[in-house]
Structures are given as structure tokens and as C-alpha cells.
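Notes for the one structure printed next.
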Amino acid sequence: MNYTTITIDFNTAYALRKAARRSVCNVRGRLYKTRNQIRSRINHHKKMLRSGARKRSTMILSIVDPRPEKDITVLSSNYSNDRINAADGNFFETYSALQDKQENRNRLDSHDTQEDDHYEDVHVLSHDHDEADGNNKLLRWTKKENEILYKVSLSTIENRLGMTIEDEVVASNTLFDYVKDVFSVADEDHDMLLLESSSEQDILIPILNVTVIAASGLGAKDPNGFSDPYCLLGIMPPKEQEDEGAIDSLNDSIETEVDGKKNKKKKKWYKMKKKNKKKKKKLKLRDKVPEQAIKQTRVINQNLNPKWGESFTIDLQDLQDDIFHLEIWDHDEDTTVFGAMRNINEVSGVKGMQRYFKQIVHNAKNTDGNVDDFLGSIDIPIKDIPSHGKTDWFKLEGKSEKSKAKGKIKLQLHLGYRKEEDEEETEQVEEDRMNPVECYRCILTQLVEHELKQMENSSRWDGTLNHEAVYLLHQIAIQNQLSQLNLAYCRWLAYSKAHTLYAMDYRFLHSLLKMVEEQWKITQQTSSKECFTTKEEVTLAESFDAFVKYCIGLLRKQRDVFPPQKKNVVRLEWLLKCLQHLQALDIYEKLCPSQTDIHSQIINGIHEGTTEWFYRIRAFTEPGTSTDGEMVSAIAAMTNTLNLDLVRSYKYTGKLYQAMLQIDYFSIAYKNFDKLLGEEVIELMTGVNKSLKSQTIDTTEISTSLFELYLALKDLLGFKQYLNKSDAEALVLADYHKYFKKAVQNWLALAYNKAIKRIEKAVELDKVEQVDAMVKHSTSAVDVACCFGQIGEFYSKLDWPDIEGSYVFVMKITDDICRAALFYANIIHKDLISKGYYDDEGQFDVTDQLCIAINNIEQVRRSLAVLPKSLNWDKLFTLVAMKQGEQSSEQCKASLKEMLASADDDMVNIILKVAGRVGDKMRPDVKKFIFQLAYAPVKQSLDDAITPLMQYLDKNLITLSEGLLQINFQRILETMWQVVLDEMREQVIGEHEQHNQNHHNGHSLGTHTIQVLKSTITDYTKKKIGALPTMKKGLEFFVRLHSALEILLEFFNADGKGLSMEDLMIEDYKTLLSCLVTNKSTTEEIITSYYSRRAQEQMSRSDNSYGELDVVCYYNPMDSKLIVEVNKAKNLKALDCNGVSDPFVMIELCPRHMFNLDPQRTKVIKKTLNPVFNQSFEFNIREEQCKQRGASVVFSVMDHDMMFSNDLEGEAIISLETIPGINLHGASQQHSLKLVKPVLTAEDQTMFTILGNRHGDKKASDFVKKRYHAIDQAKEV
């Protein structure tokens, strides 16, 4: 059975108890209603009995349906008696409260780790910050530096570049207002600085940065199916009407770019251009742009999908009207017809041949030397280029609107400014200037600080700036042509600095680190220059070092900075990712080669942070006084705090460190706590144990604090399972329990004394009433069971780790609880004695006091059944078996079970004494009613004769069923059943015969229960009634009692609600029933029953110790003859002095009143134990005779003796109903019958006595004499 223990507070339990008492009236009302219904059933039952004929009537015990009974252990967990608890200062309740407090504390972590949206971040500043950081400023500018940065911002706004998308349009006034707010500049200062900025700013020349990336799908111009493409690019002036003279003057200076030779036949070439102009063809780049302004890529031979990847910078004149123009040409070095004809071997296919002839014609016509083929061009207005640049594929166009070009080209376009070089300015010392990178970083820092000030909640800022700030920074970057590496460098410096003052999202910082790494690698691969200047490298190295130190500082204080909320755990995860990523950066290794490994710094930070936090908790929990009790409580509180931290470390923090950095954070923290706490505990407990041994302190006061400390240390040591084996064995507190052994011993001794006093107080305050409508016991039983449960809970929470100590403690607790339970039972029993329950005088009545007293003892007895589970016996036995072997484990198990069984038996004996007394009290009335039933007048019906007995039993047993627990009511029923059987047997057999058969009564119920009951049954009847008159017992006498016994059997069974049939059909019942059945039967029926029983026993017999007899029996219906063949016997017993026998076999048909035939016999076989007869015998009988019940063939194997009477070797019997020819068909078969020697059984003795008492019945006397003679013959020689 599983027992659940639930603990509630005292006030709730007291309220439950008062509510239960208030419901008693209603409960009693329902009980009275039930009782009236039962009485109505009794009256109806009496009417049915009286109106019945002499036929057998069915009478059922009117037992109230057993209601569900709450278990005592469940009730005790929900019940508390404040008056009894207060008597010993709530000794046990204090420990239970400590256990609950410890469990609740262990459950706190699941609530603490839930995300709380209202949690405010705790930000801890590093110890290495300077005074400027203390003022919550990222950077502190001088007034002059502030003005310089402001002017740069104004200049950037005035010189905005690129097309702006409508969603990104920011008005200049809006930008001016924004920077005024950022730099805290007044309106009048703004106007003055704006003028200064306009007058002081350098001459800025707009430029276009072009990267020719690749082309795709170009047309094939060479006979081999390929082209040799290259690009010409430049800026075209605005489209306008141009005269031919202008064109001529422009083209006078153009030279062929590929071969570098000047055109010697310009006039003819110009004439061609004029003709082309007339044909309205597009002008080529050479026609519009001076030679020095044209940029050219390299030639990529034989490729229709060339990849250049070349970058160019082109000056712009007008950002609104300039047009970027690009042409792609196919380079051809064959300038003559003869040169083209030399390449005929490279021609492939029909199209190739066509290209070949076109090339010859083209070379023949172009005598000016320009033999390159046009592949396509593009025009892009500068005003259409966005400020953030443009990277895209552009479709190539032909020379005219009608001609088409194949393919497309991919370009990257960015706008920017360059300063016009001034020799005088370059000679000046630029002390007042900031380089563009530094300027961008400072302005970004200023914008970040302004953004943080504007935020109402700075919790985990992800670095997002407002629209104006983003636009301003973008313009600064493009106007100063800052690289992506420059931007990544500036962003990291600005945001990592802001991180030291404000809580930021570490995912954002991690992305900045990745950006620095990526751009640094790209720049190293694409540029031969150094990525950073020396100053920038120093600055970046300092920022890395400051970031690492600050993060390590946060990790030291992570219990404050990253409380165990889900979102904070995520922040810690990304912080660790930042450190992990920084450690892996090549740039960090290059710039900070002398710095300590970050991994080692983190481990040192964990050590230092754990130690600092321990001493902080110690200072917080330190008591005001230095008494032992307060010191123990303080250490317990500190240990509980450490336990909670370890739970969080293992569940959250430790997993992060392990997964990301392979740092065993939990082990580091745990070993630190163990070392620091171990020193405190050992020093404290050494002094406490001395005080306990000398008894100089109040054990009651300090034991509670010691138990709390023990539980806290037990939880702490429970975490060692997560350490490796070597670390777990080296713990300072590994054997912490040894320091509490004396404290536990004192507590157990104190607990037993408190339990005894509580039991006495509970009985003193006990009231004879039901605590609950469904619970049939009083308050004292609940109080005692509750006390036992609390002791069990104490040890369960103690969970003593030492096996030897555990066994001692379990034995002590089990013995104490058993003694206390027996003490309670004796008090209840003595209370019954003192109230006259055992007095002989006065009328006996079943009272609530009697019922509740028995129930109280039973409920406390039940509370002992949970001891093996509450004290965890199975775990103890397993540990003992593992350490000391199975034999020791079995010895421990036997000792504990014997102790518990002994206490259980003692309490059951007390209950049985009370139950036996109920039987003694009711015996005189039962004896009277059974006597009246047995000797009722012949004319009186059985129903009328048995009604007084039934009414008496029904009345008393109903009262008992209402007030007793089911098991106690069963014990009362067993007692009353035994009383009824005893009194009926006395009427049937007589007092003298009853005493002669007392040796059978020990097996009446087959249990220890009835043995105790029999010891309590006295000769009370003799004193009250005296000797019964001797009356003649005729056949009607036994018939009446037999029918009455059947009615009483069903009465006590009560359709399964009373005693079970197994409990009713005890040995005394069987003996009485057999006696009644035999007495009411005729002599022939008795003898027939005897042989029928013998035949059944023969079929089930397996013992062949007296030998076997092989026979064949069958019936021949044609001749009406029974054929019996005796073949042989084997393994007979030697009955003669020579060690053998002279066997022969007697064959007789029984019973004699069915077959009036003489027996037949075989020949005598001399001196053998395995005789072979092989003789056949015939008996003339009818088939109907063979089918009668009991008809048998009896085989008696005899030892022939010449001098004395023959000895009986053994008997065997076959029922004639089972032989072939009667009810069975088929061939005859041999039977190997096991021989048996007749002995006088109790059943046979009863039968022989009954038949022997039938004086004048010759059949009866002959049968008895014959059977006694056979028994005498069977005596061994």
C-alpha cells in the first residue's frame, strides 16, 4: 500500500479539526437513520422466518455496508492538535517545518529563472576606469575639438552626395537642428560656425569611384568565335549641339590607346566621322573625351565573359549633368589584310568563316590603323547614383538606335570627394586637423552618447541610431572615402567604449568584432598597404585589452550582473561568445601578443568572483552574537544560499561555460565553496560536539539549528555527483556527516522521550468522538500516528550516508516507535480495565468507548506498517549487501522484521484480548439460545426456534459494525463464530467429549488469532448456568442442528460482507458439520459414505511405502458377473522374522449390506515380498448394484501366519462405478493400487463412536468391530 504524507500548517489543521467536530451531529443523524433502516430489515427478516415452512430458510447477517476508511497515515499528515503540540514546544513540528522550508528553498530556482520583463539591469563598472569614466562620459572634448567636429558635421551636410531615396530624404534644416542638439550648440553659435565652416573648408572635388567587375555574354568578333575585350570609361559632358569643327579640333589630339601610335591619316579618319555623323550614329568616347581623361582596363584575350576587377577614380565637373560613359572593344592586333589572312588556320565553322571575311574587308577599309571592333557601351547619369553607391549589371547598347549589342557588364559605383592639393597648405603643420578616420570615430562616439541619453531605458541597447545620425555618418564616410575597415574600426572603438557605461546587447558587439575581422582580412588580401596606422593599432589594442578586462570584471560579479533570468542568461552567452571570438582573432594575436590568454583570465576571474561572493554572503549572514546556536543557524543560512547558487550554476551558467569555452565553471565554483565553507563548518562543529558531550548547552535549542545545517550540507554534497571522481574524493566536506553523529544520537533520545510525553498528553486530552465522519477512531490515534510519521520524515530527510551508522539509527528508531506504539496500546487497554470493561458484574453493552478503543489501537498498529518505507529499509539492505555481503543484509532484514513483527503481534494480542472479552460477555446468552434451539419442542418450526439467537446476534453485531473498523469487526465476527461453534458442539457431543477433542481446536481457524481467543474463553458458562440436564438425542435433534448450522454459516457470511467462506469453514466447523451429518444419517448411509470416501482417497494417493498391488477389474453384463484378476504385488513390507512375508490377497465386495457375498482369497505365496498370483475371481452381482454410491472392491493383502493370527500388509479399494462395463466402455486395464494401512483418524473415530453408540444395531456394531480388527492387524511387527 502506498502512503502519502502531506504536511499543513498548524492553524489550517486546527480549523479542519473544529470543522470535523461541528459535523458530528450531522454524522450521528445519518448513523441513526441507517440504524433505523437496519432494524426495519431485521423485522422484515423475522417475519419471513416465521412465515416460512420447515424447509431451510436463508438468514443473512444485517451488517451495515462497510464505508471507505481513510488511512491513518493520510489523516495524520493533514491533522494537528495545537494543545498537544504546544505541550512539548512543537518539538516535532519544528523539524517538519525545517524540512518543508528546505524543500521549498530547493524549488525556488524554477521560479527564479523565469523571465521577468520588469527586471532592471544591474551594471557594474570596472575598477580600471579613469575619472572621466566616472562622470559617465564616453570621451571628453576640449572646446576647440568640439567646434572642429561640429564644423565637420556642418560641412558634411552642406556637401551631400548622391541620389537620395524618398524614404531616406532628410532636410538640411532637420540635420542642422539634430547636430545642434548633439553638440549642444546655441543658435547664434551655430550661425557663426556655419559661416566659418563655409569659409574654411577645403576645395572639394567630387569624384566617382568605379570598379569594373566583369562582363557576360559579349559578342564574338574574331574568327575563332571569341573576342579580346577591354573597356574604356570616362565622364561625358552634357549632350548639346556640336558643330563639326569642334569635333575636328577635339579629335586632333586623340591617339589610338592600344598601339600607342599617333594617327598619321587624321583627315581621312575625320572625313569618316563626318560621314558617320551624317548617318546619325553615336559618338564614341574618343570623340567626346580628351585622351588623358579616359580610363582603360586590361585586355582579356579570347573570352566572352571576362572578369577584370579593376578600380578607377574619375573627377567630376557637375554632379547634376555629368554622365558616366563606358565602352567595350574587341582588341585586334592584325592591322593589314595579309596579317588577317595569316590567321586562316584559326577559323572554325561557317560563322567563323563569315567573321574571317568580314575581318579582311574591315582591315582593308580601315587604313587609319584603328582596327578594334565595338562591342557595346552604357551611359549612367551621375545624379542617378545613390549616396550609398550602386553595384549592378548593366545592359550594353549598340552604336545607334537600330544596331544592337550583346551582353552586359557589372559595375560598382561610389561617389566621393577629394581635396584639391595646395602646395602652400601641405607645407603647413596640420596640428589643428583630425584625420578623417579619427574625425568619424569622434563624431560617432558623440552620436552614441547622445542616443543613450535620449533613451528612457538603456537596457541592452543594440546600437541602433536614429535616422539623422545614420545619414550623417554615411555622408561623412562617403565624402571622406573611408573604407569598410575604417568604419569597422571606428564602430568597435565607439561602441566598446559605450559598453563600459551602459548595458548593451552583446550580440551587437559580437557582430562588430566579426566585422573588424572580416574587413581586416579582406584589406590584407586586396591591398599591399598596412591596414592600420601605428597610432590606430595602438588604439585598437588598448580597446581590446580594456574590453577583456571589463568583461572579466562583469564575470566576477555575474551573480549581480546576470541574475538567473532567461534573458540574462542569453546576455551572458553572447558575452562569452565575444570573448571566445576575440581570443580566436588573428588581429588580436597580432596587436596584443603580450596579453594573458583570455581563457586563463576567465578562470582566474571565476576563482576571484566566487571567493568574493562567499565572503560577501558570510558577512551578510553573520549573527550579532557568537553563541553556538546562532553560529550554526548562520552557517546553515549561508550554506542554503550557496546551494541555490550551485543549482543555478549547474543548470545555466556552468553549461554555457562548458559548451562555449570548455571551462568547468561548476567544478571551479563548487571546489571553492567546499574549501571555504569546510573550514568554517569543521571549526564550528568541533566546538559544538565538545559542548554536546559535556552537556553544557541546551540540546533542545541547538538540535533544530544542527538539523537545518545538516540538511543544507546534505544538499551541498549532493552536487558532488557532477564532479569527476578525483575531485569528489578530495572534498573537504566529503565526510561532513561524521560531525553530526553525536547530534543525531541526542536527537533520537530526545525524540523518544518527547513522543512518550506526547502520547500521555494525547490520551489525557482524548475525547470519545470521531474526528472525521469516515474515520472510526479518536484524536489520540491521529496524534500518535502523526508523531511517528514526523520521526520517520526526520530520518528520511537525514539520509545518513554511512551504512553502519544508518543501521544503528534505523534499529534505534524502529525500536523506539514500536515501544511507543505498544505503550499507547497498553494505556488504552488499561483505561478500559479501569472503566470496568473486564468486570463480571453488570449487564454487558457494546459502547462507542469500546469500539473507539479497539480502533485506536488498530490505527496506531497500522502506522507501524509504513516504517519500512519511511525509513527506507530496502535501500539500507541493498547498501549492506553491496558492502558487507548478502548474509549481513539478510541478518539486518531479519532483525528489523522480527522487531516490527513482535510489536505488531503484541498490539494484535491486546486487540484480541478485548475482542475475546466480547465473546466471553456474549457466551452465556448464546449458550442459552442454542440450548433452546437444540431442545425446542418437535412441533416448533426451525425458523421460530432459531429467531431469538439470530435477533440477539444481529442486534449486537450491527452496533459493532457501526463503531468498528472493518478489520476489528472481522475479529469480533471470528470470535462470535467460534463461540457459536463451541456451544453447538457442546450440545452435539457433550461436555465430556468436547474436552476430549480440545486437541483439535488449535487448528480451528488456522491462525494465531484463534489460539489467543481460545486462551481467553473461560468457563464462565458453568458458573452461571450449571450442568445441563441429560436428554435423549434423537435423529430430529441432529437434523435441526445441522440446518441451523447452515443458516448460521450464511448469517456470518452476509453475502460476502461478513466473514469469508474460507474463514468460516475452519477445522472446528468441519468437525462439527461432519458430526452432525453423521449423526443424522442411517447406519447404511454412514457405512456407504465411509467406503465412498476411501475410494476417493485411493485415487489421489501417491505414497507407495507399503507396496503396490496390480489388479484388473471389469464387469461382464452378458453374464452379470464381476471379474477380478489379481496379478501380482510388489515392494511389500517384511512382517516375518526372516525378513520376508507369506502374502495372500482377500477380495471382498463392500459394503456388506449391498453385497451379501462371502469374500474370496488367493493362494499363499511363501517367503517373498513380490508375489505373483495371476488368479481370477468371479462375483455374481447385478449391474444396478455396481452403480450404487460406495459400491467397492476391497483388497486386503495379508501375511499368512501358522501360529498366530494373520497380519495386514495393506489395503486398497476400487469403486465399482469406475470399472469398464459399468459406466466406462472399452477394454479392461490393469490398476497399480497403492497399499495403505488403516489408521484411526479423527473423522473415523467420530464415525465409529456414533455407530458404536447405536445399541441394538447389528450392522453398525459389526462394521465397527471389523474396522477396529483391521486396524489392529495393521500394526507393524
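In terms of this note's numbering, the sequence shown has 621 at position 618, counting the first letter as 1, and numbering is strictly consecutive.
All C-beta atoms, glycine included, are put in the ideal place defined by N, C-alpha and C.
Please read these numbers as outputs of a predicted model, since none were measured by experiment.
- Excluding five sequence positions before and after C1078, the CB atoms of its chain that fall closer than 7 Å to its own CB belong to V991, I992, T1249, given in chain order.
- A straight line joining the alpha-carbon of Y474 with that of G410 spans about 36 Å.
- Here the alpha carbon of S1199 sits roughly 5 Å from the alpha carbon of M1149.
- The bridge partners DSSP lists for W464 are M507.
- In this chain, I1126 is not harboured by any alpha helix (DSSP H); it is covered by the beta strand (DSSP E) spanning 1124–1133.
- Its Cα nearest to that of D718, the residue D802 stands out among I762, D802, S781, L967.
- Assigned with DSSP and collapsed to three states, E615 falls in helix.
- Residues K224, W332, D333, D335 of the same chain have their beta carbon placed closer than 7 Å to that of D376, with the five preceding and five following residues left out of the count.
- With respect to L645, F676 sits close: the two C-beta atoms are nearer than 8 Å.
- Counting only the Cα atoms, L399 lies some 14 Å from K405.
- Taking a C-beta distance under 8 Å as the contact criterion, L236 and H328 qualify as a contact pair.
- Counting along the chain, no beta strand (DSSP E) covers S629, and no H or E run does either.
- A contact between stretches requires three or more CB pairs, one per stretch, nearer than 8 Å, and the stretch 1100–1119 meets this requirement with the stretch 1211–1223.
- Between the C-alpha atoms of M885 and S892 there is a straight-line separation of about 9 Å.
- With a beta-carbon spacing of about 7 Å, L867 and C821 fall inside the 8 Å limit used to define contacts.
- Shown here for F315: same chain residues with a beta carbon closer than 6 Å to its own, the five before and five after excluded, namely V213, K298 in chain order.
- Sorting M979, I970, K878 by C-alpha distance to the C-alpha of D923 places M979 at the top.
- Three or more Cβ pairs closer than 8 Å define a contact, and the stretch 1085–1093 meets that threshold against the stretch 1191–1198.
- With respect to the 8 Å criterion, I605 and E520 are not classified as neighbours on the basis of their beta carbons.
- Between K407 and the set G228, P389, L378, the nearest pair of CA atoms involves L378.
- The alpha-carbon separation between L967 and K931 amounts to approximately 27 Å.
- Here L1172 really is in contact with S1144; their C-beta atoms are around 6 Å apart, less than 8 Å.
- By the beta-carbon neighbour count (other beta carbons within 10 angstroms, threshold 16), S964 is buried.
- With a beta-carbon spacing of about 6 Å, S809 and L879 fall inside the 8 Å limit used to define contacts.
- Our two residues, T817 and M902, have alpha carbons roughly 8 Å apart in a direct line.
- Of all alpha-carbon atoms in D321, L960, N643, the one lying nearest the alpha-carbon of T850 is that of L960.
- Rounded to whole angstroms, E1186 and D1122 show a C-alpha spacing of 10 Å.
- Measuring C-alpha to C-alpha distances from Q1099 to each of T1165, K1237, S514 identifies K1237 as the nearest.
- With a cutoff of 8 Å on beta-carbon distance, I831 and I806 are scored as not near each other.
- If you draw a 10 Å sphere on the C-beta of M1205, you find fewer than 16 other C-beta atoms in it, and that means exposed.
- For V883, the enclosing alpha helix (DSSP H) begins and ends at 876–887.
- Beta-bridge annotation (DSSP): H328 is paired with G237, D382.
- Between the alpha carbons of I388 and H610 lies a gap of roughly 57 Å.
- Where F1198 is concerned, the enclosing beta strand (DSSP E) starts and stops at 1195–1202.
- The beta carbon of T394 lies closer than 6 Å to those of Q415 in the same chain, with the five residues before and after it left out.
- Taking 4 residues as the shortest admissible run, the stretch 1067–1144 contains the following complete alpha helix (DSSP H) segments, listed from N- to C-terminal end: 1070–1082, 1086–1103.
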